[in-house]
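Peer 1: With the UniProt record's numbering, the residue at position 533 of the sequence shown is 533, and numbering never jumps.
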Amino acid sequence: MESKFEKLFVKGKGIPSKSLDNHLSSDDLVEFDEGFVDTPIPTLTWRSFTMGLSVSMGGFIFGYDTGQIAGVLETDDFRRRFGELEASGETYHFSRVRAGLIVALLSIGTLIGALVAAPFADRFGRKWTMSGCCVIIIVGVIIQMTSEYPKWYQVVLGRWVAGLGVGALSVLVPLYQSESAPRHIRGAIISCYQLFNTLGILSANCINLGTGNRSDSGAWRIPLGVTFIRISILGIGALFSPDSPRYDYRAGRIDKAKKSLMRFYGIPHNHKRLHLELEGIREKYEEDMAAQDERWYHMFSAPGMKHRLLLGAALHGLHQLTGANFFFYTAATVFRGFGVQNRYISQVILGAIDFGGSCLSLYTVENFGRRKSLIVGAIWMSVCCAVYASIGHFELNEAMPELTPGSGRAMVVVACLFMLGFASTWGPIVWVIIAEIYPSRYRARAMGLATASNWLWNFLLAFFTPFITEAIDFRYGYIFSGCLFVGVATVYFGVIEGKGRTIEEIDTMYSLRIPTWTSGDETLRNPPTLAGENQTSYHNGASNPCDISEPSSRNDPNS
Numbered sequence: 001m002e003s004k005f006e007k008l009f010v011k012g013k014g015i016p017s018k019s020l021d022n023h024l025s026s027d028d029l030v031e032f033d034e035g036f037v038d039t040p041i042p043t044l045t046w047r048s049f050t051m052g053l054s055v056s057m058g059g060f061i062f063g064y065d066t067g068q069i070a071g072v073l074e075t076d077d078f079r080r081r082f083g084e085l086e087a088s089g090e091t092y093h094f095s096r097v098r099a100g101l102i103v104a105l106l107s108i109g110t111l112i113g114a115l116v117a118a119p120f121a122d123r124f125g126r127k128w129t130m131s132g133c134c135v136i137i138i139v140g141v142i143i144q145m146t147s148e149y150p151k152w153y154q155v156v157l158g159r160w161v162a163g164l165g166v167g168a169l170s171v172l173v174p175l176y177q178s179e180s181a182p183r184h185i186r187g188a189i190i191s192c193y194q195l196f197n198t199l200g201i202l203s204a205n206c207i208n209l210g211t212g213n214r215s216d217s218g219a220w221r222i223p224l225g226v227t228f229i230r231i232s233i234l235g236i237g238a239l240f241s242p243d244s245p246r247y248d249y250r251a252g253r254i255d256k257a258k259k260s261l262m263r264f265y266g267i268p269h270n271h272k273r274l275h276l277e278l279e280g281i282r283e284k285y286e287e288d289m290a291a292q293d294e295r296w297y298h299m300f301s302a303p304g305m306k307h308r309l310l311l312g313a314a315l316h317g318l319h320q321l322t323g324a325n326f327f328f329y330t331a332a333t334v335f336r337g338f339g340v341q342n343r344y345i346s347q348v349i350l351g352a353i354d355f356g357g358s359c360l361s362l363y364t365v366e367n368f369g370r371r372k373s374l375i376v377g378a379i380w381m382s383v384c385c386a387v388y389a390s391i392g393h394f395e396l397n398e399a400m401p402e403l404t405p406g407s408g409r410a411m412v413v414v415a416c417l418f419m420l421g422f423a424s425t426w427g428p429i430v431w432v433i434i435a436e437i438y439p440s441r442y443r444a445r446a447m448g449l450a451t452a453s454n455w456l457w458n459f460l461l462a463f464f465t466p467f468i469t470e471a472i473d474f475r476y477g478y479i480f481s482g483c484l485f486v487g488v489a490t491v492y493f494g495v496i497e498g499k500g501r502t503i504e505e506i507d508t509m510y511s512l513r514i515p516t517w518t519s520g521d522e523t524l525r526n527p528p529t530l531a532g533e534n535q536t537s538y539h540n541g542a543s544n545p546c547d548i549s550e551p552s553s554r555n556d557p558n559s
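Structure (structure tokens):
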């Protein structure tokens, strides 16, 4: 039987209907009950604003942990405790292998955390699992801070443990936001995860700049200890937040789901938008009920899921292969040619641009859409990578950048332009798409698999980049330039435009195999009315037109 959402598309053409009324029969159209209102919906409510900021603290924790380790490795006390004595017997250093393990083992932990987060989120709920992850991160930070000479492997273990929590949050935060945010600002709300990620990196760089010259253990223990403040904000804040409306609905708490949607949208209980949103959730829920005997691993063989699973893994892999970390890695050398000798300052400059571009993404994702932003951003970054690699290989004196100041200045400008393009497009918007494309019954686990791809590539690049740059220097940028053109093709042929649509509508579009290049032609509009027989079936005689009756049986969200 054809669902209402399928009626929103032109038969045989696969494009959103430009005039919905032309494609719905008269039998499908009935007048709303007099109790419905259709008042303007607020652009942003205080509840949505606080949800976007407080939950996004999970991104801050990830960014801060990523940003502070580079500075910590440079401190004298940390080197004396955990480094290796040089042949001269006077100074300490980190071998590439040891430094790579300290930096990259976080990514192994995050990969595992991303994979195991979904079962806990489906069983215990989104908010309780987020709070539990904060406890895991606290344990990891304590292990790191209590490390003593010469137990460098304790630092590695602590970062791995913290990575379990950080990786789980990288799934849970976008998942919670996608299931809670109003459709018209969902992209901006999810982008706040990456925005806070960049704010965390910038904060870590600033703190490293302030503590890096200390000669005692405070040079690295203070940056680590600051993590407790952010973790506490998220862990405690999540406990006082409602669970996501869609999780509440699937768990049988329909009244809570309805109240949460009302508060996030800022609309009354009898508003048309609330009515239609609940109807979309109910319809997808009943589809899941029909397949309730399926287990989670059936998503690999479910119709249309292979494409989406591959798309999610590819997008998150390409998110790392944009080359953003390459620019941070080579920043110290390039900025020396610009006259900046302090490596912390170069990191702060790039971090500030990264944060500013992420602020811009809150506008681009909702005004230009997902597809256009990603395609233009990938082309922009590809050109920047090619130019950066060419100047660095052919013009810059890598051993003494001060001798080629013109090349250094040019590369600094290109690096800043690249970072602006990354932060305003691929940096946040990939997280948005991953949170939108999966059906409700597989969403948490599918997002976990896709995010694990991000962490796998993060580990590979963090560990092997020093060896690769030593072998081919700045020509490494050509590889990222080519990967970005692969990204253009992936987005053009694989990503459906989700701007202005509910996640249930996006799921239907993927199920119907709507051609991606036509998916953004017209913003999908919900039917202004519902079929009379359906109105009777789920109003169930209720006097209040928004009193959605509870289905006769509930699907256990833990299955």
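We treat Cβ as the ideally placed atom computed from N, Cα and C, and that holds for glycine.
Would you call the CB atoms of Gly235 and Cys134 closer than 8 Å?
Peer 2: The answer is yes: Cβ separation under 8 Å.
Peer 1: May I have a chain-ordered list of the alpha helix (DSSP H) segments no shorter than 4 residues that lie completely inside the segment 353-397?
Peer 2: Within the segment 353-397, the complete alpha helix (DSSP H) runs of at least 4 residues are 370-394.
Peer 1: Enumerate in chain order the residues of its own chain whose CB-to-CB distance from Ala181 is below 6 Å, with the five nearest sequence positions on each side excluded.
Peer 2: Only Ile189 meet the Cβ criterion.
Peer 1: In chain order, what residues of the same chain lie with their CB nearer than 7 Å to the CB of Met145, ignoring the 5 residues before and after it?
Peer 2: For Met145, where only same-chain residues beyond five positions count, the Cβ hits under 7 Å are Arg221, Leu224, Gly225.
Peer 1: Here's the rule I'm using: 16 or more other beta-carbon atoms within 10 Å means buried, otherwise exposed. How should Leu85 be labelled?
Peer 2: Looking at its Cβ environment, which holds fewer than 16 other Cβ atoms inside 10 Å, Leu85 is exposed.
Peer 1: Between Val387 and Val414, how many whole angstroms is the CB-CB distance? I'm expecting something under 8 Å.
Peer 2: At roughly 5 Å, the Cβ-Cβ gap stays under 8 Å, so Val387 and Val414 are in contact.
Peer 1: Provide the residue span of the alpha helix (DSSP H) that contains Lys256, from first to last.
Peer 2: Residues 254-265.
Peer 1: Report, in whole angstroms, the separation of the C-beta atoms of Ser453 and Gly317, which I expect to be a contact under 8 Å.
Peer 2: Confirmed, about 5 Å.
Peer 1: Quick check: the Cα distance between Lys127 and Ser390, rounded to an integer number of angstroms?
Peer 2: If you take the alpha carbons of Lys127 and Ser390, they lie about 48 Å apart.
Peer 1: Considering just the uninterrupted stretch of the alpha helix (DSSP H) at His316, what are its terminal residues?
Peer 2: Start and end: 305-320.
Peer 1: Which word fits Val139, buried or exposed, when buried means at least 16 other C-beta atoms lie within 10 angstroms of its C-beta?
Peer 2: Result: exposed.
Peer 1: So does the segment 267-283 actually touch the segment 205-217, counting three or more Cβ pairs closer than 8 Å?
Peer 2: Counting Cβ pairs under 8 Å, fewer than three are found: no touch.
Peer 1: On a CA-only basis, which of Gly100, Ala489, Ile434 is nearest Lys308? Give me that one, please.
Peer 2: A small correction: the amino acid at residue 308 is Arg; Lys does not occupy that position in the sequence shown. That would be Ile434, whose Cα lies nearest to the Cα of Arg308.
Peer 1: Answer with buried or exposed for Ser56, where buried requires no fewer than 16 other C-beta atoms within 10 angstroms of its C-beta.
Peer 2: Buried, because 16 or more other Cβ atoms sit within 10 Å of the Cβ of Ser56.
Peer 1: Out of Thr227, Ala99, Val116, which one is the CA nearest neighbour of Ser446?
Peer 2: Correcting the residue type first, residue 446 is Ala in the shown sequence and not Ser. Checked all of Thr227, Ala99, Val116; the closest Cα to Ala446 is Val116.
Peer 1: If I'm right that His319 touches Trp426 with Cβ under 8 Å, what's the distance once you round it to whole angstroms?
Peer 2: Indeed, because the Cβ distance is near 6 Å, the residues count as touching under 8 Å.
Peer 1: Helix, strand or coil: how does DSSP classify Val495 here?
Peer 2: In the structure shown, Val495 sits in coil (DSSP, three-state: anything other than H, G, I, E or B).
Peer 1: Buried or exposed, going by whether 16 or more other CB atoms sit within 10 Å of the CB of residue 563?
Peer 2: Outside the displayed range of the chain (1 to 559) lies residue 563, so it cannot be described from this structure.
Peer 1: Per the DSSP calculation, His271 is bridged to which residue(s)?
Peer 2: Beta-bridge pairing links His271 to Val37.
Peer 1: Where do the ends of the alpha helix (DSSP H) carrying Tyr149 lie?
Peer 2: From DSSP, Tyr149 is part of no alpha helix (DSSP H); its letter is neither H nor E.
Peer 1: Tell me whether Pro303 is buried or exposed, calling it buried when 16 or more other Cβ atoms sit within 10 Å of its Cβ.
Peer 2: Classification for Pro303: exposed.
Peer 1: Count the other CB atoms within 10 Å of the CB of Pro245; is the residue buried (16 or more) or exposed (fewer)?
Peer 2: Buried, because 16 or more other Cβ atoms sit within 10 Å of the Cβ of Pro245.
Peer 1: Give every residue of the same chain whose Cβ lies closer than 7 Å to the Cβ of Ser552, excluding the five residues on either side of it in the sequence, and list them in chain order.
Peer 2: Because the pLDDT at Ser552 is just 40, under 50, the model does not fix this residue reliably, and the value given afterwards should be weighed accordingly. Excluding positions up to five away in sequence, the list is empty.
Peer 1: May I have the straight-line CA-CA distance separating Phe335 from Gln341, to the nearest angstrom?
Peer 2: Distance between the alpha carbons of Phe335 and Gln341 is about 7 Å.
Peer 1: Could you give the distance in angstroms between the alpha-carbon of Arg441 and the alpha-carbon of Val97?
Peer 2: Spanning the two alpha carbons is a distance of roughly 42 Å.
Peer 1: Does Glu74 come out as helix, strand or coil in the three-state DSSP assignment?
Peer 2: In the structure shown, Glu74 sits in coil (DSSP, three-state: anything other than H, G, I, E or B).
Peer 1: Suppose contacts are defined by Cβ-Cβ distances below 8 Å. Is Thr227 in contact with Leu172 by that definition?
Peer 2: The answer is no: Cβ separation not under 8 Å.
Peer 1: Short check: CB of Leu175 to CB of Ala251, under 8 Å?
Peer 2: No, they are not a contact pair.
Peer 1: Is it buried or exposed for Asn197, if we count other Cβ within 10 angstroms and need 16 for buried?
Peer 2: Buried.
Peer 1: Where does residue 562 sit, in a helix, a strand or coil, going by DSSP?
Peer 2: With the chain represented from 1 up to 559, any question about residue 562 goes unanswered, as that position is not in the structure.
Peer 1: Give a yes or no on whether the C-beta atoms belonging to Thr45 and His271 are separated by under 8 Å.
Peer 2: Not closer than 8 Å, so no.
Peer 1: According to the Cβ coordinates, are Leu449 and Ala331 closer than 8 Å?
Peer 2: Contact flag unset, no.
Peer 1: Can you name the residues that DSSP bridges to His93?
Peer 2: Glu84.
Peer 1: Taking the alpha-carbon of Ile468 as reference, which of Val37, Glu90, Gly100 has the nearest alpha-carbon?
Peer 2: The candidate whose alpha carbon is nearest that of Ile468 is Gly100.
Peer 1: Would Arg295 be called buried (16 or more neighbouring beta carbons within 10 Å of its own) or exposed?
Peer 2: Arg295 comes out exposed.
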